[in-house]
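In my numbering, the protein residues as written are -13 to 211.
Glycine is no exception: its CB is placed at the ideal position from the N, C-alpha and C atoms.
Note that the structure is predicted; figures quoted are calculated from it, not measured.
Working notes, structure below.
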Amino acid sequence: MTPRLLRVGQSDSPVVIVDDVIGDTAAVIDLAAAMAPFPAVAGSYYPGVRRVLTPADGAAHGYATALLQAVAPFIGGAFDVDGFDWIEGSFSMVTTQPSALAAAQRAPHFDAVDPGYIAVLHYLADTPGSGTAFYRQRATGIERVDAGNREALVAAARRDSERLIGYTNASNAAFDQIGVVEAKRDRVVIYQGCLLHSGIIPADMPLSADPRVGRLTTNLFIQAR
């Protein structure tokens, strides 16, 4: 494994990038394919389908557990935490056409206002031009969302939503892109969920629900303690 640290925005927020984490992603893709088709998640703004992982999923859950164990030292070092709890995990695939996105799906988002709520994203497939990007909202200057600025961010996002078309893949009238992580097979990116972020979904990327064809990732969320 080869870790490196990216600092994004005026807040100098850490984003950890770790390459060559497990080696055999083909075996994990096989596990995901055996669970397909994935369902849409009710109440979620995720623009696609997800298969939530539980201990009953055996080898797939074991892979996710091993993944977190492998990157745990980098989480502790970058975010200065002594430990964490696994909150949620899933195999995920972006499948929604740009023209079918809801207003909230066209803009960068945040996962939680708690800086201890951390996302661990594992790219399992090669999707050229894809990745994860981080943003600053132009109207408010917000990069990191907290309890004090959340309402201002949401109000500005509602005003700007009609100006956004399709996926946000770069700077636009409403958001400045302040950092980019390129998708790469067997790469893990780790960041605080309070950072404004969005998946980079290029126009020619297959929006397939087939784990062997589309943008398959493992999305894990942990709570630092």
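Candidates the options, of which the one nearest residue i by Cα
| i | options | result |
| --- | --- | --- |
| A111 | M191, V166, L139, Q55 | M191 |
| C180 | M21, I208, R173, D16 | I208 |
| Q178 | N205, I104, R124 | I104 |
| S30 | T118, R124, T82, Q55 | T82 |
| P185 | A160, R149, V140, S78 | One point to set straight first is that residue 185 is Gly, not Pro, in the sequence displayed. The shortest Cα separation from G185 among A160, R149, V140, S78 belongs to S78. |
| L202 | D6, P0, P23 | P23 |
| A93 | L182, G34, A18 | L182 |
| P0 | E129, I151, Q91 | E129 |
| H108 | D43, V166, T204 | T204 |
| D16 | V4, R(-7), Y49, A28 | Y49 |
| I187 | D172, T113, A18 | T113 |
| I60 | Q(-4), V7, I164 | Position check: residue 60 holds Phe in this sequence, whereas Ile was assumed. Selected option, being the one with the closest Cα: V7. |
Those residues which DSSP pairs with residue i across a bridge
| i | result |
| --- | --- |
| M79 | V35, L202 |
| Y121 | Q163 |
| S184 | A119 |
| R173 | Y109 |
| R130 | L181 |
| F207 | E74, A105 |
Limits of the unbroken alpha helix (DSSP H) element including residue i
| i | result |
| --- | --- |
| F60 | 45 to 65 |
| R145 | 136 to 146 |
| I15 | 11 to 21 |
Burial state of residue i, where buried means 16 or more other Cβ atoms lie within 10 Å
| i | result |
| --- | --- |
| G75 | buried |
| D146 | buried |
| T(-12) | exposed |
| F127 | Note that residue 127 corresponds to Gly in the displayed sequence, not to Phe. Exposed. |
| A169 | buried |
| I73 | exposed |
| G69 | exposed |
| D(-2) | exposed |
| P33 | buried |
| R211 | exposed |
| T40 | exposed |
Residue range of the beta strand (DSSP E) that includes residue i
| i | result |
| --- | --- |
| T(-12) | -12 to -6 |
| Y103 | 103 to 109 |
| V2 | -1 to 5 |
Any non-hydrogen atom of the ligand COA within 7 Å of residue i CB
| i | result |
| --- | --- |
| V14 | This structure does not include the ligand COA; it has no bound ligands of any sort. |
Cβ contact (3+ pairs, closer than 8 Å) linking the stretch 91 to 103 and the stretch 136 to 152: yes
Meets three-Cβ-pair contact criterion under 8 Å: the stretch 65 to 84 and the stretch 3 to 12: no
The stretch 59 to 74 touching the stretch 111 to 128, judged by at least three CB pairs closer than 8 Å: no
At least 3 beta-carbon pairs within less than 8 Å: the stretch 195 to 202 vs the stretch 86 to 95: no
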